[in-house]
Amino acid sequence: MLKITSYLTLDTSAKQLVNHLNDEKTSLTFSENAVLIKLLDHSEEIWTKEQLLAEGWPDRVVAPTSLTQCISTLRRKLEPYSEIHLKAVARRGYQLHINERSHVKMVSLTDRDTLRAAFLDVGVMVKIAGAMVVIGLITLAWYQCEYHKVLKKTSEWSSDKQVELNIGGVMESATLLYKDNTDQVHKSKWQKHLAPESNIVEGLKGFSAFALTNGAHYSFASCPGYTLDDCNGEGIININTLTPEPAGLNMSEFVPLSQKMEDRIRYNRVLIPQDSVGNIVEHHYHADVYFPVAGEKLIRGDFSLSLVYEDDTSGQIYTTTCITDEDCVTTPIKWKTRGTFNQYQQKIGDYDVDVFYTNIEHKEFIKPDFVTSSAMRFYREIRRDDIQVTNMTLFRVHKTKDTAVWILPFMDGLVAWSKYEKVQF
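Have a look at this one:
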């Protein structure tokens, strides 16, 4: 029996390669067995084709291709053993090279446990440790990569439920976007904030809507139109409630008041140049979100988002958040960001959504001169974001030619139906 490595032997009488790690046996033909014995006799020596033909086919005259086929088959059978290399030496013959830690000698192998222990030497343990390190690094890189963060953020949301909303005296179904860790999704969570005796919007015949909850706050975004694609941006109503107590919002008063607030001051208005044509295209989205709280001044959030694409899925992003109240007692609380975004295609339930993962490169917090008690929570929220936030994830869950519906990260998540404008410079 010939020992080839610490765990592999050639049983010359049985014409078999024997792997003592798993008791696997590989049969050899007479010629393969004879040629391998010759190659093992002083490994590293170059044996000519004539010498190997004489060993493998004694007293026979065969074509050189017989040796070529034999060598090819031997290589295939030795392929699982990376430390063994059967080399062809141009114009000279063949040579068997074995890793220097192995050597060939005649031995009697009776202690299989000793042989296996010998295989598990330092070199193998180093390889195993190295493999574990590589796996660990790959796993760490995956959990830290941007795409994994996008998948994790998206997986928090579901959209497989509907809620009935009565807005302005009209009842319609709204698609519900909710975080999976909440079961507080009954329609009363939204409806109780609209005073039933004054829930009238003149001229409203139907609407499309999305509702959202993160488990603490409840928001809805509605637009006149019987289907999602009917919305042209006129008559949008975005409401977000921050406390469990009913807000008692008088819708018949709210609609003209919100129009007055938007006409009086538009902090984030985008001026579109007349007949403008250029290489820079800005995709601008604007939404007004109202935050009613019982007994407090109505707070308006003026949200602006602009995307400037540099290729199909990435570019520059600009956001501006402005908070004020119905009487302008609170001077504007403004937070501006500038950075880059990467856009991903994902799904929330049956909805195809565009996910914008943003890296903030510049922030600007404009402090107000005076803040009412009703606006103080927003001041603290924006102040916290200005200090801590380095990236944001925004979801565009629906879009038409003139509008888009977003999940914005403000106040831990709200839904807003925005108007869309395309600006070229």
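Sequence positions in the sequence shown follow my numbering and run -5 to 419. Beta carbons: idealized from backbone N, C-alpha and C, even for Gly.
- Around the Cβ of residue 24, a 10 Å sphere holds fewer than 16 other Cβ atoms; the residue is exposed.
- Scanning the region 163 to 190 for uninterrupted beta strand (DSSP E) segments of 3 residues or longer gives 164 to 173, listed from N- to C-terminal end.
- For residue 333, the enclosing beta strand (DSSP E) starts and ends at 327 to 342.
- A distance below 7 Å between beta-carbons, with the five flanking residues on each side excluded, links residue 283 to the following residues of its chain, in chain order: 232, 234, 295, 297, 408 and 410.
- In this structure, the beta-carbon distance from residue 357 to residue 380 falls below 7 Å.
- Closest in C-alpha terms to residue 300, from the list 400, 219, 180 and 163, comes 400.
- The shortest C-alpha to C-alpha distance from residue 404 to any of 361, 316, 364 and 336 is the one to 316.
- Secondary structure at residue 319: strand, using DSSP grouped into helix, strand and coil.
- In the three-state reduction of the DSSP assignment, residue 141 falls in the helix class.
- Residue 0 and residue 78 have their C-alpha atoms spaced approximately 12 Å apart.
- Excluding its 5 nearest sequence neighbours in each direction, residue 255 has C-beta neighbours in its own chain below 7 Å: 294 and 320, listed in chain order.
- A straight line joining the alpha-carbon of residue 167 with that of residue 220 spans about 10 Å.
- Between residue 159 and residue 199, the alpha-carbon positions lie close to 14 Å from each other.
- Counting C-beta pairs with one atom in each stretch, the region 244 to 255 and the region 183 to 201 have three or more that are closer than 8 Å, which means they touch.
- Taken atom to atom, the span from the alpha-carbon of residue 209 to that of residue 308 is near 32 Å.
- Looking only at 5, 120, 26 and 27, the smallest Cα-Cα distance to residue 17 is reached by 5.
- Cβ neighbours of residue 348 within its own chain (closer than 7 Å, five residues either side excluded): 337, 339 and 390.
- As DSSP reads the structure, residue 295 sits in a beta bridge with 283 and 317.
- Distances from the alpha-carbon of residue 419 to those of 406, 273, 323 and 311 put 273 closest.
- For residue 150, there is no enclosing beta strand (DSSP E), since its DSSP letter is neither H nor E.
- Taking 3 residues as the shortest admissible run, the region 189 to 215 contains the following complete beta strand (DSSP E) segments, listed from N- to C-terminal end: 201 to 207.
- Remark: C-beta atoms of residue 323 and residue 352 do not approach each other more closely than 7 Å.
- The three-state secondary structure of residue 54, taken from DSSP, is coil.
- Nearest in C-alpha terms to residue 170, of all of 374, 10 and 342, is 342.
- Around the C-beta of residue 21, fewer than 16 other C-beta atoms lie within 10 Å, and the residue is accordingly described as exposed.
- Pairing residue 374 with residue 280, the inter-Cα distance amounts to about 23 Å.
- In this structure, the CA atom of residue 218 is about 31 Å from the CA atom of residue 175.
- In this structure, the alpha-carbon of residue 124 lies about 20 Å from that of residue 137.
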